[in-house]
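Here is the structure we will look at.
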Amino acid sequence: MFDGKTILITGGTGSFGKKYTETLLSRYKPEKIIIFSRDELKQYEMAQTFTQPEMRYFIGDVRDAERLDQAMKGVDYVIHAAALKHVPVAEYNPMECIKTNIDGAQNVITAAINNDVTRVMALSTDKAANPINLYGASKLASDKLFVAANNMVGSDGPRFSVVRYGNVVGSRGSVVPFFKKLIDEGQVPLPVTDERMTRFWITLQEGVDFVLKNFERMYGGEIFVPKIPSVQIMDLVEAYSGTRKADIIGIRPGEKLHEIMCPADDSHLTLEFEDHFVLGPTIRFTNTQNDFSVNALGEQGKPVEAGFEYNSGTNDHFLTVEEILTMDKRA
C-alpha cells in the first residue's frame, strides 16, 4: 500500500524513524519519504546512510504548525513519532513536554486535515494507560486528540489511529544500552530502581512491522496494542551482567513498578485479536457505528472479559534470561 506514496515521519531521525525508513525502502517503492525533525546533526548523519532519491529531509518542530503544514503538502501517510519521552525530564520540564506532546499532536492533526492526508498513525506508549507521570499523561491527551480527530473530518477526511506498545529493546535512551555502557566501564553491580519492576518488551523491527500492518487494518479511531512478552528487571540484570546482584537506587520521579497497555476501566471497549488488542474510542463517532470487531483486513476480534487488564506484571508470557539474550541478538 506504500508503493508510489509519499510518507512523512515526524521525529524521523529517532530509532523508530530510521528503522521504519529502512523497512519502507526494502519492502516498497515509495514516491517520497519525508523525515521531519528538529535536529540538523541527526538529519545530516541519517542522510549519510539513507541516500536514496526518494529521501527528503525537512528541518522543523511539531510545535511549529506553519512548518508542519508546509511539510505535509502532497503527503499520503503520516507516522507521528516525535515526542519528549524521558520520564524524569518531563517531570522537571512539564511545559516543554506539553508543548511537544500535546500541542504538537494537535498541530499534526490540523496539518493532516488541511493537506488531505489519507491516514495518520500516532505512536503512543504503555505509560499513557492509567498514567502517573507527565509523559504518560501528555501521551494520553495526545491519544485522545488523535482519536477524536476522526469526528472532526466526517466520512471523507483523513483517518487517525494510534499504536501503543512498551519498551523497545536497544532504542536510544533505553535501559539495555545503558546497562551495556556501564558494564563496558566496569560498573557492576548495575543500578536498579526497584527489583520488583516489570516491563513489556518488543524489538524495534516488531514495532515497525506492527505499525505497518495497522495501516492496513485501521478504520480510524482505534488504539492498537500488540501482544508482547514481559521482562523482570532482575532477569535483565542477570542476562547482561551474569549476576543478580544490583545496586537498588529507588524509584525515579514518575516511575511505575509495572506498566499497563489495556486498562481494566476500558475493558468494555477492548477487543482481542489473534496477535493484538484494539481499544475502541470512548466517544460515539457521528459518521460510523464504532464497530471495530472486524478490521479492514477481515480479521475478527472478540470482546474481552469485564475487568480485563493487560499488565506487564501479570502477563502470561515472561522472557527467560536466555530468551532476553536471544531477543537482544535479533534486535
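Residue 1308 in the working numbering is what sits at position 270 of the sequence shown, and the numbering runs on without skipping anything. Just so you know, even glycine gets a beta-carbon here, dropped at the ideal spot from N, CA and C.
Cut-off 7 Å between Cβ atoms - residues of its own chain near V1275, not counting five sequence neighbours on either side = If the five residues before and after V1275 are omitted, its C-beta is found closer than 7 Å to the C-beta atoms of L1228, V1230, R1282 and A1284, all from its own chain and listed in chain order.
DSSP puts Q1270 in a beta bridge; with which residues? T1236
* Runs of alpha helix (DSSP H) lying entirely within the stretch 1105-1188, each at least 4 residues, in chain order -> 1125-1130, 1132-1136 and 1142-1152
inquiry  = According to DSSP, is A1284 part of a helix, a strand, or is it coil?
reply    = strand
- Give the secondary structure of H1314 by DSSP, where H, G and I count as helix, E and B as strand, and everything else as coil. H1314: strand per DSSP, three-state reduction.
- Query: Beta-carbon separation of V1214 and G1208 under 8 Å?
  - Reply: yes
What distance in whole Å lies between the Cβ atoms of P1126 and R1290, which are believed to be in contact at a cut-off of 8 Å? 5 Å
Q. Can you list, in chain order, the residues of its chain whose CB lies under 8 Å from that of V1332, leaving out five sequence neighbours each side?
A. Q1338 and G1339
- request: Could you name the residues of the same chain whose beta carbon sits closer than 7 Å to that of F1323, not counting the 5 residues immediately before and after it, in chain order?
  value: N1188, N1189 and G1259
Exercise for review: Under 7 Å Cβ to Cβ from Q1327, same chain only, skipping five residues before and after it: list those, please.
Suggested key: none
How many Å lie between D1181 and I1321 at the Cα? Near 13 Å, if we compare the C-alpha coordinates of I1321 and D1181.
Quiz prompt | Given 8 Å, three or more beta-carbon pairs between the stretch 1346-1357 and the stretch 1249-1269 | solution = yes
* Among the residues of its own chain, which have a CB less than 8 Å from the CB of Q1144, if the five just before and after it don't count? -> L1183
Check your understanding: Would DSSP call P1215 helix, strand or coil?
Key -> helix
- request: Within its chain, find whatever has a CB closer than 8 Å to the CB of L1370; leave out the 5 residues flanking it on each side and keep chain order.
  value: For residue 1370 there is no data in the structure shown, the boundaries of the chain being 1039 and 1369.
Compute the distance between the beta-carbons of A1334 and Y1278, then report whether it is under 8 Å.
With respect to the 8 Å criterion, A1334 and Y1278 are not classified as neighbours on the basis of their beta carbons.
Note down, in chain order, each residue of its chain lying with its Cβ closer than 6 Å to the Cβ of F1037, except the 5 sequence neighbours on either side.
Residue 1037 lies beyond the residue range present for the chain, which begins at 1039 and ends at 1369; the question has no answer from this structure.
Could you give the residue range of the alpha helix (DSSP H) that holds S1075? Element bounds for S1075: not the alpha helix (DSSP H) but the beta strand (DSSP E), K1070 to S1075.
Next item on the list: Return the bridge partner residues of F1096 from the DSSP annotation.
Entry: According to DSSP, F1096 bridges with F1074.
Between the CA atoms of G1050 and K1111 - distance to the nearest angstrom
17 Å
Just curious, the alpha helix (DSSP H) that F1323 is in, first and last residue? Looking at the DSSP string, F1323 is not in any alpha helix (DSSP H), and its letter there is neither H nor E.
Measure how close the beta-carbons of T1163 and K1177 come, nearest whole angstrom, since I'm counting them as under 8 Å.
5 Å
Query raised in the report: Out of curiosity, what's the CA-to-CA distance linking Y1130 and T1138?
Result: 15 Å
message: Within 10 Å of its beta-carbon, does E1134 have 16 or more other beta-carbons around it, so buried, or fewer, so exposed?
response: Around the beta carbon of E1134, fewer than 16 other beta carbons sit within 10 angstroms, so the residue counts as exposed.
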